[in-house]
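First residue of the sequence shown: 590, per my numbering; consecutive thereafter. C-beta: ideal position from N, C-alpha, C; glycine also. Worksheet: the structure to be examined is printed underneath.
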Amino acid sequence: MFSFRGDAHKIYLRVKESPSKIRNIGFIKETEEIKSFYETQDSTTLKLIYYRMIKEKNGSGIIPIFATAIPWLLFLFSSHLQDFLFKEGSINWIIFSFIYLTLLTFSLILHFREQAWANFHIQIIQDILEERDSSYSKQKGSIEQQSK
590 MFSFRGDAHK IYLRVKESPS KIRNIGFIKE TEEIKSFYET QDSTTLKLIY
640 YRMIKEKNGS GIIPIFATAI PWLLFLFSSH LQDFLFKEGS INWIIFSFIY
690 LTLLTFSLIL HFREQAWANF HIQIIQDILE ERDSSYSKQK GSIEQQSK
């Protein structure tokens, strides 16, 4: 069934379809493996990984800059470009348009996928660090009460 609701809704439908086998679904297993790996790391290492993930997430912003800068570059050379692309009977403009739109589409899809994966890893790391921090605070509180 085709839907414009997106991948999140597809995940919901797939999980709803077989609630007893949720942990056997491929993307859930993958998430569990990633989370398990991060849980084996100490908090200092996790923070370093977290910082690097933030850098990667922000670094993927270069693709939209690339996508918006090229039209301005082409505008600078517009008269020469028009002479080349729109020569009498030439199909150069079709080839150029196809290549440009294909590269633009591919780079934007890549950009948003990279950002989604970076956010995914960042959220897992944040959750683990918060869990550790809250369990540490609880332990510290119980130790203080025992000492009174």
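Same chain, Cβ closer than 8 Å to residue i, neighbours up to 5 away in sequence not counted
| i | result |
| --- | --- |
| Ser723 | none |
| Leu635 | Tyr627, Ile714, Ile717, Leu718 |
| Ile651 | none |
| Ile611 | Val604, Ile617 |
| Arg641 | none |
Distance between residue j and residue i (C-alpha atoms, nearest Å)
| i | j | result |
| --- | --- | --- |
| Arg721 | Leu602 | 32 Å |
| Ile643 | Thr633 | 16 Å |
| Ile684 | Phe675 | 11 Å |
| Ser679 | Leu692 | 22 Å |
| His669 | Ile638 | 48 Å |
Simplified DSSP assignment, three categories, for residue i
| i | result |
| --- | --- |
| Ser577 | Since the first residue shown for the chain is 590 and the last is 737, residue 577 is missing from the structure and cannot be characterised. |
| Gln630 | coil |
| Gly743 | Residue 743 falls outside the range modelled here, since the chain spans only 590 to 737, and no answer is possible. |
| Arg594 | coil |
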